[in-house]
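This note's numbering puts the first residue of the sequence shown at 555, with every later residue one more than the last.
Built from N, CA and C at the ideal position, the CB exists for glycine as well.
Quick caveat: nothing in here was measured; it's all calculated off a predicted structure.
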Amino acid sequence: MFVEDDNRSFHERDVLFRQDPGTQHDGGWQSLLVKLQNQFDPVSMEIRLDASDQERIPRYAFDYGNGGWESRLGGVFSRHLGPRLGRRD
555 MFVEDDNRSF HERDVLFRQD PGTQHDGGWQ SLLVKLQNQF DPVSMEIRLD
605 ASDQERIPRY AFDYGNGGWE SRLGGVFSRH LGPRLGRRD
């Protein structure tokens with residue numbers, strides 16, 4: 555996934571990095587956010603999403619109730635994946 559270098563990109567990056575990396579082992583949501591942080595390239599402002607990421611992002615955003623996850627993932631990915639965060643069904 556390419557993140558263009560503009561103010562929106564910096565906001566998306568900031569939203570992604572709100573998750574404390576120390577929470578990686580606290581649950582699936584935390585694990586996903588920290589994994590995505592680790593995949594972020596600060597030079598290119600790029601995150602490479604694998605098939606698992608592409609499945610997990612909309613699932614965590616929409617399938618478990620809204621505990622703020624939907625808005626957090628939407629804040630990072632909706633500009634690139636659309637309002638359904640890549641979900642096709």
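Task: Contact between the region 563-581 and the region 603-610 (3+ Cβ pairs under 8 Å) - done: Result no; under three Cβ-Cβ pairs closer than 8 Å.
Task: Where the alpha helix (DSSP H) through Ser598 begins and ends - done: One-based indexing of the sequence shown puts residue 598 at position 44. Counted as a single uninterrupted DSSP element, the stretch harbouring Ser598 is not any alpha helix (DSSP H), since DSSP gives it neither H nor E.
- [ ] Could you tell me if Gly628 is buried or exposed, where buried requires 16 or more neighbouring beta carbons within 10 angstroms of its beta carbon?
- [x] The residue given as residue 628 occupies position 74 in the sequence shown. A buried status is given to Gly628, since no fewer than 16 other beta-carbon atoms sit within 10 Å of its beta-carbon.
Open item on the list: Do Pro612 and Gly581 have their beta-carbon atoms positioned less than 8 Å apart in this structure?
Closed with: The residue given as residue 581 occupies position 27 in the sequence shown. The residue given as residue 612 occupies position 58 in the sequence shown. Going by beta carbons, Gly581 and Pro612 fall outside the 8 Å limit.
Open item on the list: What residue range does the alpha helix (DSSP H) around Tyr618 cover?
Closed with: Translated into the one-based positions of the sequence shown, residue 618 becomes position 64. It is not in any alpha helix (DSSP H) - Tyr618 carries neither H nor E in the DSSP assignment.
Task: Straight-line gap, Leu528 to Trp583 (C-alpha atoms, nearest Å) - done: The chain is shown from 555 up to 643; residue 528 falls before or after that span and cannot be answered.
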